[in-house]
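Novice: Final position of the sequence shown in full-length UniProt numbering is 188; the numbers increase by one with none missing. Provided herewith is a single structure, encoded as structure tokens, for subsequent inquiry.
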Amino acid sequence: MAYRNGTYVAFDGLDTTNPTIGDIKYFNMLKMWKNISSKSLIDFKFSDSHQKTSQVRDTSSRNTLERVLLERLKNSKNMVLILTEKTRYDREMLNYEIEKAIKMSLPIIVCYPKVRQPIFNPKYYSDYWPLALAEGIRKEEVQCIHIPFKKKPVLDAIPRFHIHSNEKLESLGFYNRDAYDFFNITWE
């Protein structure tokens, strides 16, 4: 049995490896926050599940890709799901990752990079949701917290919401106003 201490990060690669075009830039930002946080007083434990298994190349067969992704998910305690206005509803592998995370009861930290204000009504961002997330939310089968992709909420959510935690989430979970005050994120 795998030791589930990693954070699995999922996003739509948008069919590019160019970090200035694709959503991988947000994954790289997470890694940067981890490095900065380890040198400060912020307690941010981020164990990248993608580094625990073999690398997947663009030429990998679908079966190999699914096997490796499933292995990574089995080593994870939660998922950070990065959604932008470019995230595709029917992206096969992203939907596969979300479906497996839901079946494994992984809490999903849904992050929206273009959102600058607090999120109090996650349904407002339903156009960003891939099919598997939309279905999981509709059926209330998934635990989610919906947050803007900002350092403080992300750094709070990763160590707080995971399979080992007593804090359980609903499908449309969000932080309250007090939390956003604490994060120093204002609303209009």
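Glycine included, each C-beta is placed from N, C-alpha and C at the ideal position.
May I ask you to report which of helix, strand or coil DSSP gives residue 9?
Specialist: Residue state, collapsed to three classes: strand.
Novice: Report the start-end ranges of each alpha helix (DSSP H) in the segment 127-180 that is 4 residues or longer and not cut off at the edges.
Specialist: Taking only runs of at least 4 residues, the alpha helix (DSSP H) segments lying wholly in the segment 127-180 are 131-138, 151-160.
Novice: Taking Cβ positions, are residue 183 and residue 153 nearer each other than 8 Å?
Specialist: Going by C-beta atoms, residue 183 is nearer than 8 Å to residue 153.
Novice: Pairing CB atoms from the segment 164-174 with CB atoms from the segment 90-105, are three or more of them under 8 Å?
Specialist: Cβ pair count under 8 Å is below three, so no.
Novice: Out of 172, 178, 151, 141, point me to the one whose CA is closest to residue 31's CA.
Specialist: With distances taken between Cα atoms, residue 31 lies closest to 151.
Novice: Could you pull out every residue in the same chain whose Cβ sits closer than 7 Å to the Cβ of residue 149, ignoring the five residues on either side in sequence?
Specialist: Cβ within range, chain order: 26, 82, 111, 112, 113.
Novice: Alpha carbon to alpha carbon, how far is residue 66 from residue 118? Give it in angstroms, no decimals.
Specialist: For residue 118 and residue 66, the distance between alpha carbons rounds to 34 Å.
Novice: Measure the CB-CB distance between residue 109 and residue 142 and report whether it falls below 8 Å.
Specialist: The answer is no: Cβ separation not under 8 Å.
Novice: Pick helix, strand or coil for residue 18, following the three-state DSSP scheme.
Specialist: Here residue 18 sits in coil by DSSP.
Novice: Starting from the C-beta of residue 95, find all residues in its chain whose C-beta is less than 6 Å away, skip the five residues before and the five after it, and write them out in chain order.
Specialist: Cβ neighbours of residue 95 beyond the five flanking positions: 130, 131, 132.
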